[in-house]
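Novice: Sharing a structure, written as structure tokens. Questions coming.
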Amino acid sequence: EAQVTQNPRYLITVTGKKLTVTCSQNMNHEYMSWYRQDPGLGLRQIYYSMNVEVTDKGDVPEGYKVSRKEKRNFPLILESPSPNQTSLYFCASRARNGGYGYTFGSGTRLTVV
Amino acid sequence: AQTVTQSQPEMSVQEAETVTLSCTYDTSENNYYLFWYKQPPSRQMILVIRQEAYKQQNATENRFSVNFQKAAKSFSLKISDSQLGDTAMYFCAFMKRRYGNKLVFGAGTILRVKS
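Following this line, the structure appears as structure tokens:
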């Protein structure tokens, strides 16, 4: 089954403790992206990648890091999480032809206390 | 920069009736894609329907159809014969056709289908 898999589904952590949210896709997609969803704001892009070793900032990159060492994987790293990063996070991927939009993972609910 | 506006935070509809969700956007691009995504309580993001801006014909997917007005920058979603399973948050989204690396989302509309 074609899908984007992200883990964990839920995560509660404390301020300052480094964490990684994993994301993997099995569709051989070139583009991958991370979004955060907050009430009243919709989804906003954090980082994106157009291919292996090619990443760039989205609209809200502060406090996040990403890497794209393999085509299928695109982890999101929070090196020193803060409470304002409490949110619902989505990883997504798409093919070079963007007409079919992005395929999304099932989301990670992160709470930073 | 592109922006997407969904002016209806919440809507409700009776089962089997028709409802229309509004979406307007602002862009200087001429070639782009527009999408409606559905997010049920499971929080999964599901693509409902898509429209390519250079195609004048409105997209249709079963009970879902759009009214795409390019000059007015409007992209509304019509759901016919509403079902309880249509209860969800609906997001309108925009993406540039050329070098489109991101979806720009509206704030969403919560749709409740009542029996």
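Here the protein sequences come in this chain order: A and B. Taking the working numbering, the leading residue of the first sequence gets 8, the next gets one more, and so forth. Taking the working numbering, the leading residue of the second sequence gets 97, the next gets one more, and so forth. We put the beta carbon where it would ideally sit given N, CA and C, even for glycine. The model shown is predicted, which means the values in this text are computed figures rather than measured ones.
Is the region 97 to 114 of chain B touching the region 90 to 101 of chain A, taking contact as three or more C-beta pairs under 8 Å?
Specialist: At 8 Å Cβ cutoff, the stretches do not touch.
Novice: Would you mind reading off the limits of the beta strand (DSSP E) that contains A99 of chain A?
Specialist: Run containing A99 of chain A: S94 to R101, per the beta strand (DSSP E) assignment.
Novice: DSSP puts I19 of chain A in a beta bridge; with which residues?
Specialist: A:T118, per the DSSP bridge assignment.
Novice: So which residues of chain B does L95 of chain A contact, with C-beta pairs closer than 8 Å?
Specialist: Within 8 Å Cβ-Cβ: R139.
Novice: For chain B, find out if any of its Cβ atoms is closer than 8 Å to the Cβ of M57 of chain A; answer yes or no.
Specialist: It does: the Cβ of M57 of chain A has a partner Cβ on chain B nearer than 8 Å.
Novice: Where does L83 of chain A fall in DSSP's three states?
Specialist: Three-state result, L83 of chain A: strand.
Novice: Distance check for M107 of chain B and E113 of chain B, CA to CA, integer angstroms please.
Specialist: Rounded to whole angstroms, E113 of chain B to M107 of chain B spans 13 Å at the Cα level.
Novice: Between the region 100 to 119 of chain A and the region 138 to 152 of chain B, do three or more beta carbon pairs fall short of 8 Å?
Specialist: Flag = yes, the region 100 to 119 of chain A and the region 138 to 152 of chain B touch.
Novice: Assuming S161 of chain B and K174 of chain B are in contact, meaning their beta carbons sit under 8 Å apart, how far apart are those beta carbons, in whole angstroms?
Specialist: S161 of chain B to K174 of chain B, Cβ: 5 Å. Contact.
Novice: Touch check for the region 141 to 161 of chain B and the region 69 to 87 of chain A: three-plus C-beta pairs under 8 Å?
Specialist: These segments do not touch.
Novice: Along the chain, where does the beta strand (DSSP E) that runs through N163 of chain B open and close?
Specialist: First-last of the beta strand (DSSP E) with N163 of chain B: F160 to Q165.
Novice: So is P90 of chain A buried or exposed if we call it buried at 16+ other beta carbons inside 10 Å?
Specialist: Counting Cβ neighbours within 10 Å, P90 of chain A comes out exposed, since fewer than 16 surround it.
Novice: Which residue's Cα is closest to the Cα of A81 of chain B: B:Q102, B:L130 and B:T120?
Specialist: In the structure displayed, chain B extends from 97 to 211; residue 81 of chain B sits before or after that span and is not available.
Novice: For F187 of chain B, which option in A:Q44, A:Y17 and A:T20 has the closest C-alpha, if you only look at C-alpha atoms?
Specialist: Nearest C-alpha to F187 of chain B: A:Q44.
Novice: Helix, strand or coil for D63 of chain A? Go by DSSP, reduced to three states.
Specialist: Note: D63 of chain A maps to strand in three-state DSSP.
Novice: Name the two residues that bound the continuous beta strand (DSSP E) containing R194 of chain B.
Specialist: Counting along the chain, R194 of chain B falls outside any beta strand (DSSP E), and DSSP gives it neither H nor E.
Novice: Apart from the five residues on each side of it in sequence, which residues of its chain come closer than 6 Å, Cβ to Cβ, to T123 of chain B?
Specialist: Q98.
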